[in-house]
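Engineer: Protein sequences appear in the order of chains A and B. If you count the first sequence from 1, position 138 lands on 129 in this note's numbering, and the numbers rise without skipping. If you count the second sequence from 1, position 46 lands on 37 in this note's numbering, and the numbers rise without skipping.
There are 2 protein chains.
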Amino acid sequence: MPKIDVCFSPNLLDLYDLQGKTAVIVDILRATSCMVAGLGSGVSSILPVATLEECKALEIKGYICAGERNGHRVEGFALGNSPFDYMSEAVKGKRIAMTTTNGTQALVMSSSASQLLIGAFLNLSVLATYIKQQANDVVIVCAGWKGKFCVEDALFAGALAAQLPTFDIEDDSTLAARSLYESAQTNLYEYLLESAHYKRLSHLESGKDVRFCVEIDKFELVPILVGGEIIRAI
Amino acid sequence: MPKIDVCFSPNLLDLYDLQGKTAVIVDILRATSCMVAGLGSGVSSILPVATLEECKALEIKGYICAGERNGHRVEGFALGNSPFDYMSEAVKGKRIAMTTTNGTQALVMSSSASQLLIGAFLNLSVLATYIKQQANDVVIVCAGWKGKFCVEDALFAGALAAQLPTFDIEDDSTLAARSLYESAQTNLYEYLLESAHYKRLSHLESGKDVRFCVEIDKFELVPILVGGEIIRAI
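1) Going along the chain, which residues of its own chain have a beta-carbon closer than 7 Å to the beta-carbon of A/GLU143, five neighbours each way excluded?
2) The ligand NAP and A/ALA153: does any heavy atom of the ligand fall closer than 6 Å to the residue's C-beta?
3) Taking C-alpha atoms, which residue in B/ARG60, B/GLY33 and B/GLU161 lies nearest to B/ASN89?
4) Since B/LEU155 and B/ILE122 should fall inside the 8 Å C-beta cutoff, what is the C-beta to C-beta distance between them, to a whole number of angstroms?
5) Taking C-alpha atoms, which residue in A/LYS12, A/GLN176, A/GLY62 and A/ALA168 lies nearest to B/LEU140?
6) Could you tell me which whole beta strand (DSSP E) segments of length 3 or greater appear in the segment 57 to 118 of chain A?
7) Return the CA-CA distance between A/ALA57 and A/CYS133, expressed in angstroms with no decimal places.
8) Kindly say whether B/LEU20, judged by its beta-carbon, lies nearer than 7 Å to any beta-carbon of chain A.
9) Establish whether the CB of B/ASP163 and some CB of chain A are separated by less than 7 Å.
10) What would DSSP say about A/ASP8, mapped onto helix, strand or coil?
11) Roughly how many angstroms separate the alpha carbons of B/LEU118 and A/LEU49, rounded to a whole number?
12) Give a yes or no on whether 7 Å exceeds the smallest Cβ distance from A/CYS141 to chain B.
13) Go through its chain and collect everything with a Cβ distance to B/ILE16's Cβ below 8 Å, but skip five positions before and after it.
14) So, with DSSP's three-state summary, where would you put B/ILE19?
15) Starting from A/ASP(-4), trace the beta strand (DSSP E) in both directions and tell me its first and last residue.
16) So what's A/LYS47 in DSSP terms, helix, strand or just coil?
17) For chain B, find out if any of its Cβ atoms is closer than 7 Å to the Cβ of A/LEU6; answer yes or no.
18) Under 9 Å between beta-carbons, which chain A residues line up against B/GLY62? List them in chain order, please.
19) Measure the alpha-carbon distance for B/TRP136 versus B/THR92 and round it to whole angstroms.
20) So for B/ILE239, helix, strand or coil by DSSP?
21) Which residues of the segment 174 to 191 of chain B have a Cβ closer than 9 Å to any Cβ of chain A? Give them in chain order.
22) Measure the alpha-carbon distance for B/GLU181 versus B/GLU211 and round it to whole angstroms.
23) Assuming the contact rule is C-beta atoms closer than 8 Å, A/ASN114 and A/VAL217 should be a hit. Round their C-beta distance to whole Å, please.
24) Would you mind reading off the limits of the beta strand (DSSP E) that contains A/VAL130?
25) Tell me the rounded alpha-carbon separation between B/LEU9 and B/ASP(-4).
26) Let me check one thing: in DSSP terms, what residues is A/ALA216 bridge-paired to?
27) State buried or exposed for A/ILE37, treating a residue as buried only when at least 16 other CB atoms are found within 10 Å of its CB.
28) Reducing DSSP to helix, strand and coil, say where A/LEU3 ends up.
29) Is it true that the CB of A/ASP200 sits closer than 7 Å to the CB of A/SER73?
30) Using a Cβ distance threshold of 8 Å, determine whether the segment 63 to 78 of chain A contacts the segment 171 to 179 of chain A, with at least three qualifying pairs required.
31) A/ALA81 to A/LEU179, Cα distance in whole Å?
32) Does the beta carbon of A/LEU3 come closer than 7 Å to any beta carbon on chain B?
33) For the alpha helix (DSSP H) that contains A/SER164, what are its first and last residues?
34) By DSSP, does A/LEU38 sit in helix, in strand, or in coil?
35) Is the shortest distance between the beta-carbon of A/LEU166 and the beta-carbons of chain B less than 7 Å?
36) Measure from the C-beta of A/LEU171 to each C-beta in chain B and report whether the shortest distance is under 7 Å.
Right under this line is the structure:
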């Protein structure tokens, strides 16, 4: 049976061997939710970059700049880190260059995996089906918040693990993530109201983004990293 | 209000500022359970050391050598890492030098804290009372397993956080630990049967140690690190 593992923070990634495995990158609030919402709404590709400067430099190549630092939209960038930014008519058919505090960093740090997929509640079931069909070992990489554990990413990891019951559980993190999801699944939004990340976000805007980011199976696609850009695998 | 935080792995300790704070070191299976059981049964002090060589060298100074690597007792050492080893008549009134895979490492890495306490289910309530009386900020440091998240340490962190409801929660890790404990508290032993660590241990011996390590409030003491040695604070 293929194996499943959950890494709660990019700062723990050196303990995981990603070679030959599928890495699922998760940053529920809000990078990977934005990616799924964007590609599911007609964005043609998303190029993750580490720095604001790289991002800005891609504008003259026709990319739309997107990014946040500490939850705030970067000044001069067309898009921030709200999934609704990625679903507007203005970005349909466009390529986006994106940099975020945690999500794009997790992607870059997981580059030794044989395949990089993007996960969010918004594409949970189709992602699980895709992973089951491939039957490859999988490591769910939680982006966290500046290296720390984030409950929304762990909840998603648990939700995905629950949909892959035949996969062998490698570590306690998978067990814990699944338990967390089982206890919170009927009221995900209310659960996140307690979380540190929600409290950070709520200074910036309403809970509209958070409510959207915990909607399950709103989109039927699996984003995949190919040649440095995230596109639709299915 | 004082703050409470949970660090799920020593490998994440650089994200936490321990200065001026109380660190509670947790290695339920089995280092900190052994420390509580030993000091609660008449051991006079426990000296944590990082290496097997340091440990062995202390024998001629009158210390009893204790330690394990990968769950196995070290050859030539009088004690392993079973709490029952620490409760025998032979160690009463004696000083122990101890080295373990994860527990003593977590202690060494937390040395910037203003106070280091030892936590286990075995001394849960008396520890919580002691922390409440001091009203100092507290960081619960989970020893984990070779840097990875361990569910038994997280469960204990949640149990301790649940007894400190007036402390301000800093991060999601505390919220998650408390949730985990709430869902598992009525059947801690059965919950741990699923865990990776239990599976590792069960190759070595029966579940007797694990059953003992999840017994709550069996001892009425708080071990504290003073001058490099762990002794009874109360």
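Beta carbons: idealized from backbone N, C-alpha and C, even for Gly. For clarity, every value in this text was computed on a predicted model and none was experimentally measured.
Structural biologist: In short:
1) ILE19, LEU20, LEU183, SER186 and HIS188
2) Ligands displayed in this structure: none; no statement on the ligand NAP is therefore possible.
3) Correcting the residue identity first, residue 89 of chain B is Met in this sequence and not Asn. Ranking the options by Cα distance to B/MET89, first place goes to B/ARG60.
4) 6 Å
5) The question names Leu, but residue 140 of chain B in the sequence shown is Phe. Among A/LYS12, A/GLN176, A/GLY62 and A/ALA168, the Cα nearest to that of B/PHE140 belongs to A/ALA168.
6) 86 to 90 and 106 to 110
7) 21 Å
8) no
9) yes
10) coil
11) 56 Å
12) yes
13) THR23, GLY94, ALA97, LEU98, SER101, LEU107, LEU108, ILE109, GLY110, VAL132 and ALA134
14) coil
15) -6 to -2
16) helix
17) yes
18) Neighbours of B/GLY62 on chain A: none; closest Cβ ~15 Å, over 9 Å.
19) 8 Å
20) No statement about residue 239 of chain B is possible, as the shown extent of chain B runs from -8 to 225 and does not include it.
21) SER174, ALA175, TYR182, GLU185, SER186, ALA187 and HIS188
22) 25 Å
23) Going by Cβ atoms, the distance from A/ASN114 to A/VAL217 rounds to 17 Å, so no, they are not a contact pair.
24) 129 to 133
25) 10 Å
26) This sequence places Leu at residue 216 of chain A; Ala is not what is there. Its beta-bridge partners are A/ILE221.
27) buried
28) helix
29) yes
30) no
31) 31 Å
32) yes
33) 163 to 175
34) strand
35) yes
36) yes
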